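Protein chains in written order, with my numbering: chain R, 234 to 730; chain U, 109 to 412.
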């Protein structure tokens, strides 16, 4: 029997069943066939007697349960990817980190180009130098973009196989931002842990910090008072608002539609300033803390925030409505970069990109935690999975977030008590899921017998979704790549860690 | 007297051409709620670039260096074919409108081979887009001018442009309107403006004209900046003389009116850029073929 836990709960490591590799594989394949999603799949060595233990965390969205199972492997194991494509990126990660070969994986190459964790060589392969999928033919040409880009964005390499203007295949090579964060977290929590969490992906500070706090709070067995949980949720929604409006502006800019692009730049600043009202940082740094939040908010300040939110939302509406009412913009957005629901499901996409393709998953609804557990959260979704769906869904989520924050006005209680965080439960495993603005943020923490982190696994939504972008680009015009890329707007450093 | 007014107009056209870019940018800034760059910004940019050194990649040959200079030569000659006020240019001859089209083509040819010379995949892509779209734009341009030649009964650009009057608009406004609409699309395409190209984008995968000149720097790049301004002036003033038949019978005032009216076209371009998105790359040919159709229709109506 596979044990299941809820979001932000822990279980003793000895309760996690250790299966043999083939039955471990069979259980995962079977559960995924029944509708589970692989939320995490990683290796670690916290026990000296086993070379590498592979953990799988399966999320059953409808029921809000997470099942954990593991297996011990030495050199190789039968790959999950052929029957379960969503495992492909995880298995490449396991191969890179532990030198364990998933036998039968069709495209095994590094994803971050760092030296293996457990190996005698300890040398990292030259970054970006690997075989790329190639198309052959007289009129085929290859376009390489990056890692240095023309705009002020993060580094990543894109390799297109094109026939004229049409893209047949895109391969994305990342790893340029790798900072070995997961490795640095081992032995924590310590003074450095929180700053690491806040800078995992600079645009998802609140999301990742909330995920971390939920995790340590569950391991420490502390309950955070509900007014503080509401403040956390408000900060998370403010982060979503600022990023979504910024993305809509950038999408308008990419098709050369100036009015919305210009207005959204300013409106994004207004939303960021709301976060600054909460904690003094526009990016939400220094706000979420284990046991509560670092700054309290009095009632009049919160009413002020709500008033400003209402007036900014009027500006946002007039700027964004222009997008849907301009035929030339809609023509560019529609039927561009379409990702089918089946592909989104098979690839295990999460968050906004998955919902735009009609996969109705949302951590706020499926694994409610904190303020989201107060009442059922209505999930929004799109249908076609094209750029238009992803853009329009952003707008729906903006409206929803504004409503969510303003709705909190009635039950607002100031000056709640912060909880002190105690020692973490030793030899345990805890899971924390948060719906960041990109999608599901998953943190898994394993503690040693001292209650310190033996292993800490972070899965940014970008980790699941980068391959979705590659699939969406098939049979598209290469000149539409920036538009498709922006419609996903994935994180490089969140992936590279 | 004629040669004096020609010389003054010729020199002042070359001097004010970058100002129109400023007018477009100011219009866009106004609609975006911004102040926009100062009016003299294009001049400042060109001056700044002229004072910089140029960087040449080792893979390039003298083609890269020569192409902007040839382009400048082409456009200066083209400017000389434009009439002054209502007086024909002193360089006018029968068939010079064909030369005008070929001067544009010659400049483009050198830009394209300079882009291919760099061996960059982006520039190759840009060159192929430029060649494809230019082929379609040229048809619209030449057919449009042919329609004008038929209507005015002269084969000389100066002749065509100085004969259009209010009377002609009354008699055959349809032909003139069709040609003018077609030429406006030609202007947008040739000057790499929205909806065909986006002059502001920094995304090399989506660029057409801009991506071809990525390897040019310093004085070469200054020339390219200047050339795109001059091209706007040339096509803009041809278009203006078609839609603005009024004349005050003074060469100076007529010419001043043309300068002012091209500014109106710059505002129109700015308005378009503030109100619509760029076309998807594979629908651009449809717009350009549409422009050719308008020109062809004008020609057919004229043959009737």
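All C-beta atoms, glycine included, are put in the ideal place defined by N, C-alpha and C. Because the structure is a prediction, the values reported are computed rather than measured.
Residues near residue 225 of chain U in its chain [Cβ-Cβ closer than 7 Å; skip 5 each side] | Here the question's residue 225 of chain U lines up with position 117 in the second chain. Answer for residue 225 of chain U: 168, 169, 171 and 172, listed in chain order.
Going along the chain, which residues of the segment 364-398 of chain U sit with their C-beta nearer than 9 Å to a C-beta in chain R?
-> Residues passing the 9 Å Cβ filter: 381, 382, 383, 384, 385, 386, 387, 388, 389, 390 and 391.
Going along chain R, which residues have a C-beta under 8 Å from residue 306 of chain U?
-> Walking along the second chain from the start, residue 306 of chain U turns up at place 198. The contacting residues are 489.
Return helix, strand or coil for residue 360 of chain U, following the three-state DSSP convention.
-> In the second chain, residue 360 of chain U corresponds to position 252, counting from 1. If DSSP states are grouped into helix, strand and coil, residue 360 of chain U belongs with the helices.
Say whether chain U places a C-beta atom closer than 8 Å to the C-beta of residue 390 of chain R.
-> Working through the first chain from its first residue, we reach residue 390 of chain R at position 157. Not one chain U Cβ lies under 8 Å of residue 390 of chain R.
Quick one: which chain B residues come within Cβ less than 8 Å of residue 310 of chain U?
-> Absent here is chain B; the protein component of the structure consists of chains R and U.
Using a Cβ-Cβ distance under 8 Å, would residue 141 of chain U count as near chain R?
-> Reading the second chain from its first residue, position 33 is the one you call residue 141 of chain U. Answer yes: the Cβ-Cβ gap between residue 141 of chain U and chain R drops below 8 Å somewhere.
Residues from the segment 362-376 of chain R in contact with chain U, defined by Cβ distance under 9 Å = The residues in question are 374, 375 and 376.
Residue interval of the alpha helix (DSSP H) (run including residue 128 of chain U) = The sequence position of residue 128 of chain U within the second chain is 20, counting from 1. Bounds of the alpha helix (DSSP H) holding residue 128 of chain U are 110-139.
Three or more beta-carbon pairs under 8 Å between the segment 449-460 of chain R and the segment 234-251 of chain R, yes or no?
-> Using a Cβ-Cβ distance cut-off of 8 Å, the segment 449-460 of chain R and the segment 234-251 of chain R are in contact, since at least three pairs of beta carbons, one from each stretch, lie closer than that value.
Chain-order list of residues whose beta-carbon lies under 6 Å from that of residue 406 of chain U (same chain, five-residue window excluded) | Taking the first residue of the second chain as position 1, residue 406 of chain U is located at position 298. Hits under 6 Å: 255, 283, 286 and 287.
Decide yes or no for the touch test of the segment 179-186 of chain U against the segment 229-236 of chain U: beta carbon pairs closer than 8 Å, at least 3 of them.
-> Touching, no.
Can you list, in chain order, the residues of the segment 137-161 of chain U whose Cβ is nearer than 8 Å to any Cβ on chain R?
-> Listed by position along the chain: 139, 140, 141 and 142.
What is the DSSP secondary structure of residue 578 of chain R, counted as helix, strand or coil?
-> Here residue 578 of chain R is taken as the residue at index 345 of the first chain, counted from 1. Residue 578 of chain R carries a helical assignment under DSSP once its states are collapsed to helix, strand and coil.
Bridge partners of residue 689 of chain R, per DSSP?
-> Residue mapping note: residue 689 of chain R aligns to position 456 of the first chain, counting from 1. R:678.
Which chain U residues are close to residue 406 of chain R, counting only those with a beta carbon under 7 Å from its beta carbon?
-> As a working note, residue 406 of chain R is residue 173 in the first chain. Identification of chain U residues near residue 406 of chain R by a Cβ-Cβ cut-off of 7 Å yields none; the smallest Cβ-Cβ distance measures about 16 Å.
Going by other Cβ atoms of all chains shown within 10 Å of its Cβ, with 16 needed for buried, is residue 425 of chain R buried or exposed?
-> Counting from one through the first chain, the residue named residue 425 of chain R turns up at place 192. It counts as exposed.
Expressed to the nearest angstrom, what Euclidean distance is found between the alpha-carbon atoms of residue 583 of chain R and residue 596 of chain R?
-> For the purposes of this step, residue 583 of chain R is taken as the residue at position 350 of the first chain. For the purposes of this step, residue 596 of chain R is taken as the residue at position 363 of the first chain. Roughly 9 Å separates the two Cα atoms.
Taking three-plus beta-carbon pairs below 8 Å as touching, is the segment 548-556 of chain R in contact with the segment 493-501 of chain R?
-> Enough Cβ pairs lie closer than 8 Å, so yes.
Residue from U:375, U:245 and U:273 with nearest C-alpha to residue 401 of chain U | Locating residue 401 of chain U in the second chain gives position 293, where the first residue counts as 1. Of U:375, U:245 and U:273, the residue nearest in Cα terms is U:245.
Excluding sequence positions up to five away, which residues of its chain have a Cβ less than 8 Å from the Cβ of residue 183 of chain R?
-> This structure leaves residue 183 of chain R out entirely; chain R is present only between 234 and 730.
Integer-rounded CB distance, given that residue 333 of chain R should sit under 8 Å from residue 276 of chain R = Here residue 276 of chain R is taken as the residue at index 43 of the first chain, counted from 1. Here residue 333 of chain R is taken as the residue at index 100 of the first chain, counted from 1. Correct: roughly 6 Å between the Cβ atoms.
Rounded Cβ spacing between residue 297 of chain R and residue 462 of chain R (contact assumed at less than 8 Å) = Position 64 of the first chain holds residue 297 of chain R. Position 229 of the first chain holds residue 462 of chain R. That belief does not hold up - the Cβ atoms of residue 297 of chain R and residue 462 of chain R are roughly 17 Å apart, past 8 Å.
Excluding five sequence neighbours on each side, which residues of the same chain lie with their C-beta closer than 6 Å to the C-beta of residue 381 of chain U?
-> Mapped onto the second chain, residue 381 of chain U falls at position 273. Cβ within range, chain order: 136 and 302.
Limits of the unbroken beta strand (DSSP E) element including residue 311 of chain R = The count along the first chain starts at 1 and reaches residue 311 of chain R at position 78. Per DSSP, residue 311 of chain R belongs to the beta strand (DSSP E) from 309-311.
Does DSSP put residue 347 of chain R in a helix, a strand or coil?
-> Here residue 347 of chain R is taken as the residue at index 114 of the first chain, counted from 1. DSSP places residue 347 of chain R in the coil class of the three-state scheme, outside both helix and strand.
Please state whether DSSP places residue 709 of chain R in a helix, a strand or coil.
-> If you number the first chain from 1, residue 709 of chain R lands on position 476. Of the three classes helix, strand and coil, the one that applies to residue 709 of chain R here is coil, per DSSP.
Opposing strand residues paired with residue 317 of chain U [DSSP bridges] = Position 209 of the second chain, counted from the start, is the residue given in the question as residue 317 of chain U. Partner(s): none; residue 317 of chain U has no beta bridge.
Residue 405 of chain R and residue 686 of chain R: beta carbons closer than 8 Å?
-> Taking the first residue of the first chain as position 1, residue 405 of chain R is located at position 172. Taking the first residue of the first chain as position 1, residue 686 of chain R is located at position 453. Remark: C-beta atoms of residue 405 of chain R and residue 686 of chain R do not approach each other more closely than 8 Å.
With a 10 Å radius around its C-beta and 16 neighbouring C-beta atoms as the bar for buried, classify residue 594 of chain R as buried or exposed.
-> Within the first chain, residue 594 of chain R is the residue found at index 361, counting from 1. Result: buried.
Residue 638 of chain R and residue 512 of chain R look like a contact to me (Cβ under 8 Å); what is the Cβ gap, rounded to whole Å?
-> For the purposes of this step, residue 638 of chain R is taken as residue 405 along the first chain, with counting starting at 1. For the purposes of this step, residue 512 of chain R is taken as residue 279 along the first chain, with counting starting at 1. Wrong, their Cβ atoms sit about 15 Å apart, outside the cutoff.
Local conformation of residue 510 of chain R per DSSP, three classes = Your numbering for residue 510 of chain R matches position 277 in the first chain. When secondary structure is reduced to three states using DSSP, residue 510 of chain R falls in the helix class.
Along chain R, which residues have their Cβ under 9 Å away from the Cβ of residue 414 of chain U?
-> The requested residue 414 of chain U does not occur in the structure, where chain U is confined to residues 109 to 412.
Give a yes or no on whether the C-beta atoms belonging to residue 287 of chain R and residue 306 of chain R are separated by under 8 Å.
-> As a working mapping, residue 287 of chain R is identified with position 54 in the first chain. As a working mapping, residue 306 of chain R is identified with position 73 in the first chain. Going by beta carbons, residue 287 of chain R and residue 306 of chain R fall inside the 8 Å limit.
Measure the alpha-carbon distance for residue 472 of chain R versus residue 410 of chain R and round it to whole angstroms.
-> Taking the first chain and counting its residues from 1, one reaches residue 472 of chain R at position 239. Taking the first chain and counting its residues from 1, one reaches residue 410 of chain R at position 177. About 22 Å.
Rounded C-alpha distance that separates residue 338 of chain U from residue 612 of chain R | Sequence index remark: in the second chain, residue 338 of chain U carries index 230 (1-based). Sequence index remark: in the first chain, residue 612 of chain R carries index 379 (1-based). Straight through space, the alpha carbons of residue 612 of chain R and residue 338 of chain U are spaced by roughly 55 Å.
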